[in-house]
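Take a look at the structure set out below.
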Amino acid sequence: MEKKATIRSTREWLASKSRADRRVGLVPTMGALHEGHRALIRACRQKSDVAVVSIFVNPAQFGPSEDYARYPSTLEKDLELCRAEGVDLVFAPEAQEMYPKGFTTKVRVEGLSEKLCGAFRPGHFDGVATVVLKLFEIVSPDLALFGEKDFQQFVILQRMVKDLNLQVALEAIETVREKDGLALSSRNAYLIPRERQLAAGIFLGLQAGRVCFERGTKDPDVLVAIVRKALLESGIETLDYVTLIEPETLETPNQAYPGCRMMVAARVGRARLIDNVRL
Ligand code: PAF
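Quick note: the sequence shown uses our numbering, first residue 848, plus one each step.
This is the structure we're talking about:
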């Protein structure tokens, strides 16, 4: 496995490996890799000839009062995981390499980026879209894989790829969960044991909504109220949002239908956790 820290050496290495008949797959990450990332890497390995993982804690997607400075970093362990999963190349640049002095460009996917998490994290998705477009330009992947846990991020990136005619296929991989349902996230590392127990309530709340839908409830307000109640009862008190959305527009549908998603963002201790389920 190769590890590169510069854009130039990454491009040179890829140019020497990739040919027209070889598919390059990319898993963009911010490191602190867990089993959810492993599932993305395995899918990438299966579907591509050259598997690339980027590890970069992207300052542009953190607000001034957010957790950029304390975001978990486990580079040696991450490299071990990548090696064990047969990754060909890890691209792990410093911030200066990605955002040299004078950098001012931003990519904004208007309309989708201000909703849901965007309303609580202004500029967050501009930072995500900008860095992902840069990664696509650096790696030129045929395929890029993302986790369904970050569903809004995936919808925004799909829009960006479509609008800018980018030649990359995006694929979302199902959320990997702990035994009690908690979605794996690098930010789970912030939870102390009592909070970790509480955090499992997020998935239980979402499940309560799904069960009601399956039993015939279609009214989005009623379904959201059910999820909110279940979350509060399980001790999750600080909610940024609970919303039912249709997957392309992120707008609330008039009626719930199979394929729409129940989305939650909650604060548990120092962690802001997001999750969603498909109805
Ligand atoms: O989902 C993430 O880990 C990040 O938002 C991403 C896509 C790697 C961009 O920094």
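Backbone N, C-alpha and C define an ideal beta-carbon position, used for all residues, glycine too.
Quick one, are the C-beta atoms of G994 and N905 less than 8 Å apart?
-> As a working mapping, residue 994 is identified with position 147 in the sequence shown. As a working mapping, residue 905 is identified with position 58 in the sequence shown. For G994 and N905, no; Cβs fall outside 8 Å.
Can you tell me which of A1046, R1034, S1033, V1015 puts its alpha carbon nearest to the alpha carbon of K1026?
-> Against the sequence shown, residue 1026 aligns to sequence position 179. The shortest C-alpha separation from K1026 is found at A1046.
With distances taken from each beta carbon to the nearest heavy atom of the ligand PAF, which residues come in below 6 Å, in chain order?
-> P875, T876, M877, N905, Q908, V975, V978, V979, D997, Q1000
Compute the distance between the beta-carbons of G878 and S920, then report whether it is under 8 Å.
-> Reading the sequence shown from its first residue, position 31 is the one you call residue 878. Reading the sequence shown from its first residue, position 73 is the one you call residue 920. Yes. Within cutoff.
What are the residues that DSSP puts in a beta bridge with C1107?
-> On the sequence shown, position 260 is the one that residue 1107 refers to. Per the DSSP secondary-structure output, C1107 pairs in a beta bridge with P1105.
Just confirm the distance between the C-beta atoms of L1097 and L1004, as a whole number of angstroms; I'd bet it's less than 8 Å.
-> Within the sequence shown, numbered from 1, the residue matching residue 1097 stands at position 250. Within the sequence shown, numbered from 1, the residue matching residue 1004 stands at position 157. Actually they are not in contact, since the Cβ atoms of L1097 and L1004 sit about 13 Å apart, beyond 8 Å.
Classify Y1037 as buried or exposed, calling it buried when 16 or more other Cβ atoms lie within 10 Å of its own Cβ.
-> Within the sequence shown, residue 1037 is the residue found at index 190, counting from 1. Y1037 is buried by the Cβ-count criterion.
Which two residues bound the contiguous alpha helix (DSSP H) that contains S856?
-> Numbered from its first residue, the sequence shown carries residue 856 at position 9. 854-864 is the extent of the alpha helix (DSSP H) around S856.
Comparing alpha-carbon positions, which option in M848, V874, R917 lies nearest K864?
-> The residue you call residue 864 lines up with position 17 of the sequence shown. Among M848, V874, R917, the Cα nearest to that of K864 belongs to M848.
Do you know offhand how far K894's Cα is from H884's?
-> For the purposes of this step, residue 894 is identified with residue 47 of the sequence shown, where counting begins at 1. For the purposes of this step, residue 884 is identified with residue 37 of the sequence shown, where counting begins at 1. Approximately 15 Å between the Cα atoms of the pair.
Proximal residues to H881 (C-beta, below 7 Å), its chain only, five neighbours per side dropped | Here residue 881 refers to the residue found at position 34 of the sequence shown. The answer, listed in chain order, is L1031, S1033.
Name the two residues that bound the continuous beta strand (DSSP E) containing A1016.
-> One-based indexing of the sequence shown puts residue 1016 at position 169. Here the beta strand (DSSP E) through A1016 covers 1016-1020.
Beta-carbon spacing of V1002, P1094 below 8 Å = Taking the first residue of the sequence shown as 1, we reach residue 1002 at position 155. Taking the first residue of the sequence shown as 1, we reach residue 1094 at position 247. The answer is yes: Cβ separation under 8 Å.
Go ahead and label R930 buried or exposed: buried means 16 or more other beta carbons lie within 10 angstroms of its beta carbon, across all protein chains shown.
-> Here residue 930 refers to the residue found at position 83 of the sequence shown. By the neighbour-count rule (16 or more Cβ atoms within 10 Å), R930 is not buried but exposed.
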